[in-house]
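Below: the structure, in structure tokens.
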Amino acid sequence: MIETMVPEALASVMLLDRENRELSFLSGPSFPPGAISYFNGIAPSPDMGSCGNAALLGEPIYITDVAADPRWNGLREAANNLSIGSCWSIPFFSEKQEILGTFAITSKNRGAPTPFHRRILDIASSLAGITLRNHQREECLLQLSTVFRDASEGMLITNAQGAIIEVNHSFSEITGYAKEEVLGKNPKILNSGRQDQAFFLRMWQSLKDTGRWQGEIWNRRKSGDIYPEWLSISRIDNREGKPHNYAAVFSDISSLKESERKLYHLAHHDPLT
1021 MIETMVPEAL ASVMLLDREN RELSFLSGPS FPPGAISYFN GIAPSPDMGS CGNAALLGEP
1081 IYITDVAADP RWNGLREAAN NLSIGSCWSI PFFSEKQEIL GTFAITSKNR GAPTPFHRRI
1141 LDIASSLAGI TLRNHQREEC LLQLSTVFRD ASEGMLITNA QGAIIEVNHS FSEITGYAKE
1201 EVLGKNPKIL NSGRQDQAFF LRMWQSLKDT GRWQGEIWNR RKSGDIYPEW LSISRIDNRE
1261 GKPHNYAAVF SDISSLKESE RKLYHLAHHD PLT
């Protein structure tokens, strides 16, 4: 699309590998296949062309005469073989303002970008940044969903009002409740009655003050059995700093408690009696 708006120009997108400190060629629809090898793996540095400098400095680089500009010395063979006259590059960023890569317009003609060209560069780099951030967010969500699904610990998420909106498979295995039975309900359905009101007041005060609470608690399964668990709760705030969700992770520690009981018995009773 960009190339149709800027005749005789080649558009390209490069991604920055922050760990290896090198740029890789992601997209360049009209670049000759052999040309890509010139740019793959270049480092963000002062002599690595417009993109190398844009990635290094985190600012737009408009090189109007590539043949005469020392910032292209490290890519002189590419510039000569591809007859590059000018190259304008602009970086795009993550939500944390870390450089993700560069968008560039390369032309055989020498010259500076017009206000129209600069606007095209701004729009294209913004779109590239949004696309990549969304992709990274989707990958992160996929990883989190896999952890949530496969974790051996029980997990549940509530909204700010305390209604359960999601549980994992281990939650159902530990509590005996199917997901459909608890959605929309309050975690109080697990309350065993062993903890008094003061216990829960301290829990909520900790969540209010620090955003987290953890400790031992006794809950009730669907079957009615009461069991001990180790529970960790975290408050998840929205952008305004107000509670948006609560996430709980818990483990059934019945076996641990039974082992402790046996050790206590052995320590306090004569094995011969």
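Numbering follows this note's numbering, with no gaps: position 202 of the sequence shown is 1222. C-beta: ideal position from N, C-alpha, C; glycine also.
Assigned secondary structure, residue i (DSSP; H/G/I helix, E/B strand, else coil)
i     : result
R1259 : coil
A1198 : coil
L1102 : coil
I1273 : coil
R1130 : coil
I1096 : Just to set this straight, residue 1096 is Arg in the shown sequence, not Ile. Looking at R1096 - three-state DSSP - the assignment turns out to be helix.
S1165 : helix
N1206 : coil
A1055 : helix
S1192 : helix
P1090 : helix
S1065 : coil
S1047 : strand
A1144 : helix
G1149 : helix
Length of the line joining the Cα atoms of residue i and residue j
i     : j     : result
T1122 : T1134 : 19 Å
I1343 : S1279 : What the structure shows of the chain is the stretch from 1021 to 1293, and residue 1343 is not part of that stretch, so it cannot be assessed.
A1148 : H1264 : 30 Å
S1275 : L1162 : 33 Å
P1080 : P1111 : 6 Å
I1119 : D1257 : 27 Å
L1227 : F1270 : 16 Å
G1235 : W1224 : 13 Å
A1180 : R1255 : 9 Å
K1208 : R1241 : 12 Å
K1116 : N1073 : 20 Å
N1239 : E1260 : 33 Å
N1154 : A1063 : 25 Å
S1145 : G1196 : 51 Å
Y1266 : F1113 : 30 Å
M1068 : R1222 : 59 Å
S1070 : I1150 : 22 Å
Selection from the options that minimises the alpha carbon distance to residue i
i     : options                       : result
I1194 : D1216, G1244 and R1222        : G1244
L1095 : E1118, F1112 and S1065        : S1065
S1127 : L1176, K1277, H1137 and A1029 : A1029
S1252 : K1262, G1231 and R1241        : G1231
A1124 : K1116, I1104 and S1114        : I1104
C1107 : R1241, E1039 and A1031        : A1031
K1262 : A1055, D1229, F1219 and T1151 : D1229
Q1215 : Y1247, L1035, M1034 and G1069 : Y1247
A1055 : E1097, L1210, D1272 and G1131 : E1097
S1212 : W1233, E1249 and I1177        : E1249
M1175 : R1281, N1101, F1191 and P1090 : F1191
H1137 : T1151, Y1266, T1178 and S1109 : S1109
N1129 : I1143, N1100, R1139 and E1159 : N1100
E1009 : D1142, D1272, L1036 and L1210 : The requested residue 1009 does not occur in the structure, where the chain is confined to residues 1021 to 1293.
Delimiting residues of the alpha helix (DSSP H) encompassing residue i
i     : result
R1222 : Q1217 to T1230
A1124 : Taken as a continuous stretch (DSSP letters only), A1124 belongs to no alpha helix (DSSP H), being part of the beta strand (DSSP E) at I1119 to S1127.
G1070 : Rather than Gly, the amino acid found at residue 1070 in this sequence is Ser. Where S1070 is concerned, the enclosing alpha helix (DSSP H) stretches over G1069 to L1077.
Enclosing beta strand (DSSP E) for residue i [first to last residue]
i     : result
G1174 : G1174 to N1179
A1029 : A1029 to D1037
E1186 : I1184 to V1187
Any 3 or more C-beta pairs closer than 8 Å across the region 1041 to 1059 and the region 1086 to 1093: no
Segment contact flag, the region 1178 to 1186 with the region 1201 to 1210, C-beta cutoff 8 Å, min 3 pairs: yes
Three or more C-beta pairs below 8 Å linking the region 1037 to 1044 and the region 1053 to 1073: yes
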